[in-house]
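Working notes for the structure below.
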Amino acid sequence: SYFMIDLYGYHDRHRIAMMYFIWNHLGAGLFLAGIVLAYFSNGGSFNIFDLAKVQGGSAFWVCFFILLGWLIKMAIFGFHVWLPHAHGEHPTSIAAIIATIVGLGNYAIVRLLVNNMFNAFQLFGLPLMIWSLVTMVYGAFLTLAQDDIKRLYACSTISQNAYSILGIASCTTLGVVGGIFYFISHMIGKCILFSVAGIVVYLSEVRDMRKISGLAKLAPSTAILAILGSMILSAIPPLSGFQAEWAMFIGIFEKSVEIGYLVAFTGIFATFLTLVYTFWPIKRVFFGQPSFESNSVKKEPPMMVIPLFILSAISILFGVYPDFILRLLTYSSI
Numbered sequence: 029s030y031f032m033i034d035l036y037g038y039h040d041r042h043r044i045a046m047m048y049f050i051w052n053h054l055g056a057g058l059f060l061a062g063i064v065l066a067y068f069s070n071g072g073s074f075n076i077f078d079l080a081k082v083q084g085g086s087a088f089w090v091c092f093f094i095l096l097g098w099l100i101k102m103a104i105f106g107f108h109v110w111l112p113h114a115h116g117e118h119p120t121s122i123a124a125i126i127a128t129i130v131g132l133g134n135y136a137i138v139r140l141l142v143n144n145m146f147n148a149f150q151l152f153g154l155p156l157m158i159w160s161l162v163t164m165v166y167g168a169f170l171t172l173a174q175d176d177i178k179r180l181y182a183c184s185t186i187s188q189n190a191y192s193i194l195g196i197a198s199c200t201t202l203g204v205v206g207g208i209f210y211f212i213s214h215m216i217g218k219c220i221l222f223s224v225a226g227i228v229v230y231l232s233e234v235r236d237m238r239k240i241s242g243l244a245k246l247a248p249s250t251a252i253l254a255i256l257g258s259m260i261l262s263a264i265p266p267l268s269g270f271q272a273e274w275a276m277f278i279g280i281f282e283k284s285v286e287i288g289y290l291v292a293f294t295g296i297f298a299t300f301l302t303l304v305y306t307f308w309p310i311k312r313v314f315f316g317q318p319s320f321e322s323n324s325v326k327k328e329p330p331m332m333v334i335p336l337f338i339l340s341a342i343s344i345l346f347g348v349y350p351d352f353i354l355r356l357l358t359y360s361s362i
């Protein structure tokens, strides 16, 4: 990723590549510190299942270092400064892939900590939920401030990742399953939206949304994809985001009704902000008076839009028939 940004990125790519390198290696270093501490605390084994042998104060610190390392790599509030720059400036062709890689920390946290060090991880549950709520709202407001279409979807990753962390931090089976389901849903939605941003830049050669309008008349398929991707992130049925959020919030209520009401209120507010920052750009970019002549804009290449419609179909399938993915994730998380 560092070399992709440094060699093929845009604008101030060398500085941004170094920022990306430093922050991600800080997270990797903390994660490695946790693994080394676990190695010396469990009798000298790197086997994931032997993490369960770590007890007492060592378990707390192993969990702390591993968790903090991944949270930095996931750009949680306070450690988020690198993500808008890096994800906004790396090559558009890999933007969707890199954006989804950030969320893999959710899987790592469940696989390493929830499954093997549950008692220690529970100690971080409530603080992590509060931290996630702050990140959800802050990330949404940060996204609303963007005019660059790539930077907008980059900033939205900060808020969207926090939903998954919130579900995992609830420490209930359905909350954890909902959190991972949301990560999968977000991965699909963000692939679509980053690719839409890439298509918009390809067609118009402009990234500033203030300079683009009426593109739906010239690129109707891209406009439809933008709406579908926004529906996924905004948890609108029948897309998969709705089922994922529903499962996650039920799991949070299972933990505590009082906490559930606080999370529900904040989550509804954050979801409203998501609706605004995903659909308002659609109105700006795709509707209104066209800012380009029809003969000055390239045509939508079918090979750019067809894979995105396939992803949308998968999201609809998960949204209409969520039992398969929920059962699979429940079995995997037990």
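Be aware that the sequence shown starts at 29, since it is given in the numbering used here, and climbs by one per residue.
No residue lacks a Cβ here, since even glycine has one placed at the ideal position from N, Cα and C.
Residue i in three-state terms, based on DSSP
| i | result |
| --- | --- |
| residue 176 | strand |
| residue 78 | helix |
| residue 351 | helix |
| residue 236 | strand |
| residue 93 | helix |
| residue 296 | helix |
| residue 157 | helix |
| residue 83 | coil |
| residue 200 | coil |
| residue 116 | helix |
| residue 102 | coil |
| residue 145 | coil |
| residue 29 | coil |
| residue 108 | coil |
| residue 211 | helix |
| residue 326 | coil |
| residue 317 | coil |
| residue 307 | helix |
| residue 244 | helix |
| residue 70 | coil |
| residue 131 | coil |
| residue 35 | helix |
| residue 152 | coil |
| residue 262 | coil |
C-beta contact flag for residue i and residue j at 7 Å
| i | j | result |
| --- | --- | --- |
| residue 171 | residue 161 | no |
| residue 251 | residue 314 | yes |
| residue 183 | residue 112 | yes |
| residue 238 | residue 229 | no |
| residue 302 | residue 261 | yes |
| residue 117 | residue 41 | yes |
| residue 318 | residue 195 | no |
| residue 32 | residue 128 | no |
| residue 108 | residue 193 | no |
| residue 1 | residue 93 | An answer regarding residue 1 cannot be provided, because it is not within the stretch 29 to 362 covered by the chain. |
| residue 328 | residue 249 | yes |
| residue 392 | residue 167 | Residue 392 cannot be examined here, being either before or after the span of the chain that is shown, 29 to 362. |
| residue 49 | residue 30 | yes |
| residue 163 | residue 105 | yes |
| residue 110 | residue 47 | yes |
| residue 269 | residue 275 | no |
Own chain residues within Cβ distance below 7 Å of residue i, not counting five before or after
| i | result |
| --- | --- |
| residue 54 | 100 |
| residue 272 | 206, 209, 210, 213 |
| residue 357 | 205, 208, 209 |
| residue 265 | 347 |
| residue 65 | 86, 89, 90, 93 |
| residue 34 | 41, 42, 45 |
| residue 304 | 172 |
Whole-Å CB distance - residue i paired with residue j, under 8 Å assumed
| i | j | result |
| --- | --- | --- |
| residue 82 | residue 145 | 7 Å |
| residue 326 | residue 231 | 5 Å |
| residue 140 | residue 60 | So it is not a contact: roughly 13 Å between Cβ atoms. |
| residue 226 | residue 120 | 4 Å |
| residue 115 | residue 126 | 6 Å |
| residue 220 | residue 253 | 6 Å |
| residue 148 | residue 87 | 4 Å |
| residue 103 | residue 130 | 7 Å |
| residue 294 | residue 165 | 7 Å |
| residue 177 | residue 309 | 7 Å |
Contacting residues, own chain, Cβ-Cβ under 6 Å from residue i (five flanking each side not counted)
| i | result |
| --- | --- |
| residue 256 | 340 |
| residue 259 | 267 |
| residue 278 | 202 |
| residue 291 | 280 |
| residue 343 | 216, 260, 267, 268 |
| residue 70 | 78, 81, 82 |
Own chain, CB closer than 8 Å to residue i, minus 5 neighbours either side, in chain order
| i | result |
| --- | --- |
| residue 57 | 97 |
| residue 150 | 199 |
| residue 175 | 236, 237, 238 |
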